[in-house]
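What follows is a set of notes on a single structure, which appears directly below.
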Amino acid sequence: MNIQTIMVVGAGQMGSGIVQVAAASGLKVLLHDISIGVIDKGLTSIDKQLSRAVEKGGLTEVRKSEIRSRIGPAEQLEHAEQVDLVIEAISENMGLKTSLFQKLDAICTPKTILASNTSSLPITEIAAVTQRPAQVIGMHFMNPVPVMPLVEVIRGLETSQEVFEAVYKLSERLGKTPVEVKDFPGFVSNRILMPMINEAIFTVYEGVASVESVDTVMKLGMKHPMGPLELADFIGLDTCLSIMEVLYDGFKDSKYRPCPLLRKYVKAGRLGRKSGQGFYSYHG
Ligand SMILES: NC(=O)c1ccc[n+]([C@@H]2O[C@H](COP(=O)([O-])OP(=O)(O)OC[C@H]3O[C@@H](n4cnc5c(N)ncnc54)[C@H](O)[C@@H]3O)[C@@H](O)[C@H]2O)c1
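Heads up: take any position in the sequence shown, counting from 1, add 486, and you land on my numbering.
Below is the structure:
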C-alpha cells in the first residue's frame, strides 16, 4: 500500500498538528472540518507554527512554503474520494465519529484506509459501522503532534495485517515511533495517564491542596515536566471527561469514575486552554 495523499478531518489542535507533520514528510494533505471558517482557523494555526519554526531557525522559508504548498482546504467531505488514507481527528464523541465513518465509507474508494485519532473510543466499534472493518485502524498521536514522538497504532478486531503494516510504516515516515496496542478502553497511554489526572482533580475537589500545589508536587516531586492539572487544561477538559467516561463504561469499575469537579467545569464551558479558562486562566 502506497500512501501519498491523505485527508485529515477535524481542524482542531490535533488535526492541525497531524496535517503539519504529514505535509512536512512529503504527503499531500487535505483538511476538512464543519465549515470553511473552522478550516481556515486550522490553517492559520499551522502557518503560525511554521513561521515560529522559521524564526527559531529550525526551518527555512523555502522549506516552509514547500510544506504549505502540500496542504489544501477541503470544504466538502466528498473530496475524500481522492485520498489513500483519512485520519479522523474530530471531537471525542462516539455518535459523531460513527456518523462520519459511515459517510466516509460511502465516499472513499474501496482501497482507502480509515484511521481514527481517538484517545479512547473502541476502534472495533467505529469499524463495525463501515463495510470495510479490515481497513479501519487507530492512529493515536500525542499532543502537540509536531513535538511528541509517539503514535499508538491500534488494531481493531478485524484490522488486516496489511493495513496495520501500512499505517505502522507511515507513522515511521512521519518521523514518529509507532507502538502496537490492542483495542481496549484507553489503550495504554490514557488508561494510565487519565486516572492520574482525574485523581489530581479529586485532590483539589476534596480540598487536599490547591491547583498550583498539586501541580508543584508532581513537577518537583515526580519530575513531571508539567503538572497534571496544567496538562488537563492543555489536553482539553472535555476530552479528559470523555476519556474517563469511556474507561468507566468500558471496565465498569468505579475506580474510573470522573471527578464531579471535572464534569462541572466542562458543563460551565471551562475547557482549558482552548476556551481560555480551565484549572488556570489563559485570558490575555
Ligand atoms: N487534545 C489532546 O491532547 C488529544 C491527544 C490525542 C488524541 N486526541 C483526540 O483527537 C481528537 C480531536 O481532539 P482535539 O483536541 O483536536 O479537539 P478540538 O476540539 O481541538 O477539535 C475538534 C475539531 O473537530 C471538528 N468537528 C467536530 N465534529 C465534526 C464533524 N462531524 N466533521 C468535521 N469536523 C468536526 C470541530 O469543529 C473541531 O474543529 C479527539 O478524538 C481526541 O480525543 C486529543
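Even for Gly, the Cβ is constructed at its ideal location relative to N, Cα and C.
- Separation of the CB atoms of P664 and V639 is rounded to 5 Å, and the pair is thereby assigned contact status at 8 Å.
- For S767, the beta-bridge partners assigned by DSSP are Q763.
- Within the same chain, Cβ atoms closer than 8 Å to the Cβ of E716 are found at D701, F765, Y766, the five residues on either side in sequence being excluded.
- Residue L517 holds the alpha-carbon nearest to the alpha-carbon of Q499 among L517, M487, I623.
- With contacts defined as CB atoms closer than 8 Å, L607 and K583 qualify as a contacting pair.
- Going by DSSP, P746 is part of the alpha helix (DSSP H) stretching over 746-753.
- As DSSP reads the structure, P664 sits in a beta bridge with V637.
- In this structure, ligand 1 has no non-hydrogen atom nearer than 7 Å to the beta-carbon of K750.
- Comparing alpha-carbon positions, the option among I532, A539, V540, A575 lying closest to I520 turns out to be A575.
- T491 carries a strand assignment under DSSP once its states are collapsed to helix, strand and coil.
- Boundaries for E564: no alpha helix (DSSP H) harbours it, and the DSSP string shows neither H nor E there.
- Within 10 angstroms of the beta-carbon of N579 lie fewer than 16 other beta-carbons, which makes it exposed.
- Residues of the same chain with a CB within less than 6 Å of the CB of H710, apart from the 5 flanking positions on each side, are M704 in chain order.
- It is roughly 26 Å from the alpha-carbon of A566 to the alpha-carbon of E666.
- Taking every protein chain shown into account, the CB of A754 has fewer than 16 other CB atoms within 10 angstroms, so this residue is exposed.
- In this structure R641 is buried. Its beta-carbon is surrounded by 16 or more other beta-carbon atoms within 10 angstroms.
- Contact between K514 and T530 is absent: CB atoms are separated by about 20 Å, not below the 8 Å threshold.
- A contact is defined here as three or more CB-CB pairs under 8 Å, and the region 737-747 meets this definition with respect to the region 685-701.
- Apart from the 5 residues on each side of it in sequence, G736 sits with its Cβ closer than 6 Å to the Cβ of P671 in its chain, given in chain order.
- Taking 3 residues as the minimum length, the beta strand (DSSP E) runs contained wholly in the region 560-632 are 571-574, 599-602, 622-627, in order along the chain.
- For the 8 Å CB-CB criterion, S605 and N676 form a contact.
- Looking at the DSSP output, H518 sits in a beta bridge with V495.
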